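Visitor:
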Ligand SMILES: [Zn+2]
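In my numbering, the protein residues as written are 4 to 183.
1. Check whether the stretch 143-162 touches the stretch 90-104, taking contact to mean three or more Cβ pairs, one atom from each stretch, closer than 8 Å.
2. To the nearest whole angstrom, what separates the beta carbons of residue 53 and residue 33, a pair I think is in contact under 8 Å?
3. What are the boundary residues of the alpha helix (DSSP H) that includes residue 61?
4. Going by DSSP in three states, residue 16 sits in which element: helix, strand or coil?
5. Considering only C-alpha positions, which residue in the set 41, 179, 64 is nearest to residue 137?
6. Using 8 Å as the limit for Cβ to Cβ distance, is residue 139 near chain B?
7. Span of the beta strand (DSSP E) holding residue 90?
8. When we look at the beta-carbon of residue 5 and count the other beta-carbons within 10 Å, is it buried (16 or more) or exposed?
9. Excluding sequence positions up to five away, which residues of its chain have a Cβ less than 8 Å from the Cβ of residue 162?
10. State whether the stretch 166-181 contacts the stretch 105-115, with contact taken as three or more CB pairs (one from each stretch) at a distance under 8 Å.
11. Using only the alpha-carbon positions, how far apart do residue 169 and residue 25 sit?
12. Beta carbon of residue 169: closer than 7 Å to some heavy atom of ligand 1?
13. Tell me the rounded alpha-carbon separation between residue 13 and residue 130.
14. Provide the residue span of the beta strand (DSSP E) that contains residue 72, from first to last.
15. Rounding to the nearest angstrom, what Cα-Cα distance links residue 56 and residue 37 in this structure?
16. Three-state secondary structure (DSSP) at residue 42?
17. Can you say whether residue 44 is buried or exposed, counting buried as having 16 or more other CB atoms within 10 angstroms of its CB?
18. For residue 103, which residues of its own chain have a beta-carbon under 6 Å away from its beta-carbon, when the five flanking residues on both sides are left out?
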């Protein structure tokens, strides 16, 4: 199940540090995020308009950007998407660069579409097992994406990350920015 990305699309993704962490009750999780004012009205499928407190949940860095929040069919507007999958998914940003070996720290090269090989120790690892630059790759069952936000634009508040953690039994959450 891969996301169809459009050219120029970028998103900030919040995800639990534990790849297997997921809400026991997805509907209750949506309800909690809606009550908090992060999620607004459900737009389509797993996509939501921004909620009334959205601007208090995200810190904008530098000059506050012009955010288009009105729905458009091409999906190029600021909205949220909540994806929960049975198995963890690995996603990386186009600017992720080459990963490092978690064992020896050596550079790794893609040996085929699924695996990476270490120059140092020769280990072959799946992409999700490699060490990626922080914030540029993720491996998770639960993804909360905020579309059209770009790296350097914004970050979630500590309060939001803490709230998300509480919803999933205390698992800490992290942030990544993905560009296609
Ligand atoms: Zn190695």
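Built from N, CA and C at the ideal position, the CB exists for glycine as well.
All values derive from a computational prediction rather than experimental measurement.
Guide: Quick look at the numbers:
1. yes
2. So it is not a contact: roughly 14 Å between Cβ atoms.
3. Here residue 61 belongs to no alpha helix (DSSP H); instead the beta strand (DSSP E) covers 61-63.
4. strand
5. 179
6. Of the protein chains in the structure, only one exists, and it is not chain B.
7. 83-95
8. Because residue 5 sits at a pLDDT of 40, beneath the cut-off of 50, its placement in the model cannot be relied upon, and the following sentence gives the value as read from the coordinates. Exposed: under 16 other Cβ atoms inside 10 Å.
9. 60
10. no
11. 12 Å
12. no
13. 21 Å
14. Note, residue 72: premise wrong, no beta strand (DSSP E); not H, not E.
15. 10 Å
16. strand
17. exposed
18. 134
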